[in-house]
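**Q** Residue numbers (this note's numbering): 273 to 460. C-beta: ideal position from N, C-alpha, C; glycine also. This structure is a prediction, so every number in the text was calculated from the model and none was measured.
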């Protein structure tokens with residue numbers, strides 16, 4: 273439930289472009305949560321719901337409507353962040369059980385449904401044991417030290433890709449949660 277479902281993927285060999293079809297469950301991300309949380313005073317988890325409930329387009333009719341978690345309605349802001357962190361950790365555990373590493377976890381790659389459900393998306397750089405090619409990269413501010421080293425010029429990509437696993441995603445999740453709690457990146 274914390275990963276955006278993908279209905280289909282089409283690749284155009286001529287252009288190299290890929291189209292991904294998924295339900296529209298909103299457009300808010302954790303960036304919106306962070307922006308609202310630190311621009312308006314208050315310490316209630318309701319701020320999380322307020323940040324994610326503006327929908328510029330109607331929801332996909334097949335998207336399941338779920339009630340918001342009670343903690344997001346009555347808890348503190350920190351309670352809401354703990355809930356988001358736990359849900360994202362569950363999603364990462366699901367991926368890691370299948371040998372998949374996201375490799376680009378950041379606030380803009382966590383979609384927030386209007387009910388406050390965090391959902392991972394953007395698996396363009398993910399490592400999957402079924403893939404033959406492994407892409408390296410990510411967003412510098414959220415990359416683990418081993419991921420930064422792997423993208424350096426001194427290590428062959430095929431060797432570097434083998435050293436990365438789910439621990440890099442956990443590092444990125446820690447950076448995100450730190451930002452959501454403090455309003456600042458842990459390393460400035």
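Give every residue of the same chain whose Cβ lies closer than 8 Å to the Cβ of residue 349, excluding the five residues on either side of it in the sequence, and list them in chain order.
**A** If you number the chain shown from 1, residue 349 lands on position 77. Closer than 8 Å at the Cβ level, and outside the excluded window around residue 349, lie 309, 314, 315, 316, 317, 319 and 320.
**Q** Could you check what DSSP says for residue 275 in three-state terms: helix, strand or coil?
**A** Here residue 275 refers to the residue found at position 3 of the chain shown. Here residue 275 sits in strand by DSSP.
**Q** When you compare only the Cα positions, how much space is there between residue 304 and residue 373?
**A** In the chain shown, residue 304 corresponds to position 32, counting from 1. In the chain shown, residue 373 corresponds to position 101, counting from 1. Near 25 Å, if we compare the C-alpha coordinates of residue 373 and residue 304.
**Q** Going straight from the alpha carbon of residue 445 to that of residue 410, what length do you get?
**A** The residue you call residue 445 lines up with position 173 of the chain shown. The residue you call residue 410 lines up with position 138 of the chain shown. Cα-Cα distance, rounded: 13 Å.
**Q** Quick one, are the C-beta atoms of residue 383 and residue 397 less than 8 Å apart?
**A** Residue numbering aside, residue 383 sits at position 111 when the chain shown is read from its first letter. Residue numbering aside, residue 397 sits at position 125 when the chain shown is read from its first letter. It is not a contact, given that the beta carbons lie outside the stated cut-off.
**Q** For a minimum of 3 consecutive residues, which ranges assigned as the beta strand (DSSP E) are wholly contained in the stretch 346-433?
**A** With a minimum length of 3 residues, the continuous beta strand (DSSP E) runs that stay inside the stretch 346-433 are 382-384 and 390-392.
**Q** I'd like the span of the beta strand (DSSP E) that includes residue 290, first residue to last.
**A** Position 18 of the chain shown holds residue 290. Counting along the chain, the beta strand (DSSP E) containing residue 290 begins and ends at 290-293.
**Q** Determine the burial state of residue 284: buried for a count of at least 16 other Cβ atoms within 10 Å of its Cβ, exposed for fewer.
**A** Sequence index remark: in the chain shown, residue 284 carries index 12 (1-based). With fewer than 16 other Cβ atoms within 10 Å, it is exposed.
**Q** Within 10 angstroms of its Cβ, does residue 424 collect 16 or more other Cβ (buried), or is it exposed?
**A** The sequence position of residue 424 within the chain shown is 152, counting from 1. By the 10 Å Cβ count, residue 424 comes out exposed.
**Q** By Cβ distance below 8 Å, which residues in the same chain neighbour residue 453 in space, the five residues on each side in sequence not counted?
**A** Taking the first residue of the chain shown as 1, we reach residue 453 at position 181. Here the set comprises 350 and 353.
**Q** Can you tell me the Cβ-Cβ gap for residue 295 and residue 277, rounded? I've got them flagged as a contact below 8 Å.
**A** Numbered from its first residue, the chain shown carries residue 295 at position 23. Numbered from its first residue, the chain shown carries residue 277 at position 5. Confirmed, Cβ separation roughly 6 Å.
**Q** Check for me: the beta strand (DSSP E) holding residue 447 runs from which residue to which?
**A** Counting from one through the chain shown, the residue named residue 447 turns up at place 175. No beta strand (DSSP E) holds residue 447; the alpha helix (DSSP H) holding it covers 438-454.
**Q** What are the boundary residues of the beta strand (DSSP E) that residue 281 is part of?
**A** As a first step, residue 281 must be located in the chain shown, where it is residue number 9. Counting along the chain, the beta strand (DSSP E) containing residue 281 begins and ends at 280-283.
**Q** So, at 7 Å on beta carbons, what are the nonlocal neighbours of residue 440 in its own chain, with the 5 sequence-adjacent residues on each side left out?
**A** Your numbering for residue 440 matches position 168 in the chain shown. Cβ within range, chain order: 373, 375, 416, 418 and 419.
**Q** Any idea if residue 385 is buried or exposed, counting beta-carbon neighbours within 10 angstroms, 16 or more meaning buried?
**A** Translated into positions along the chain shown, residue 385 becomes position 113. Answer is buried; the Cβ neighbour count reaches 16.
**Q** Using alpha carbons as the reference points, say which of 422, 457 and 447 lies closest to residue 436.
**A** Here residue 436 refers to the residue found at position 164 of the chain shown. The option with the nearest alpha carbon to residue 436 is 422.
**Q** Ordered along the chain, which non-local residues of its own chain (more than five positions away) have a Cβ less than 6 Å from that of residue 325?
**A** Reading the chain shown from its first residue, position 53 is the one you call residue 325. For residue 325, where only same-chain residues beyond five positions count, the Cβ hits under 6 Å are 386.
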